[in-house]
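Note that the working numbering gives residue 43 to position 30 of the sequence shown, counting from 1, and the numbers run on in steps of one. Cβ atoms here follow ideal geometry from the backbone N, Cα and C, with glycine treated the same way. None of the values given here were measured: they were computed from a predicted structure.
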Amino acid sequence: MSDNWVIRKRPARLECRLVFSDYEETRDFLDRAAELAERENYFPDMSFGRTHVCLTLRPQDEAEEVTDELWRYAHLVDALVPTVPPTK
């Protein structure tokens, strides 16, 4: 799991901001995130700019705590983020 996710308590949710190198990378992530949402039948709140995407995951059952299902979905989102080799 990436360190991008922040737990919020009122209301319960997970939030993250992902930064990409260019618009093409952002768009590619958004396309894959849309496919994930359709496949999982879970649609997170998303906003985006040219090189970033902000996501909010909320429990579907209005739980008062972040659920294991949200963490599972966060892990699936993390898997969509391209890995960039470290710069020298």
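Would you kindly check if the distance between the Cβ of residue j and the Cβ of residue i is under 8 Å?
i, j, result
"A46", "V90", "yes"
"L83", "L93", "no"
"T96", "T64", "no"
"A25", "P72", "yes"
List the endpoints of the continuous beta strand (DSSP E) containing residue i.
i, result
"R40", "Looking at the DSSP string, R40 is not in any beta strand (DSSP E); the run it does join, the alpha helix (DSSP H), is Y36 to E53."
"D58", "D58 to G62"
Please state whether DSSP places residue i in a helix, a strand or coil.
i, result
"V79", "coil"
"V94", "coil"
"R21", "strand"
"T100", "Confidence is the limiting factor: at T100 the pLDDT is only 40, short of 50, which leaves the residue's position unreliable, though a coordinate-based value still follows. In this structure, T100 counts as coil in the three-state DSSP scheme."
According to DSSP, which residues form a beta bridge with residue i?
i, result
"H65", "V32 and G62"
"L27", "I20 and L70"
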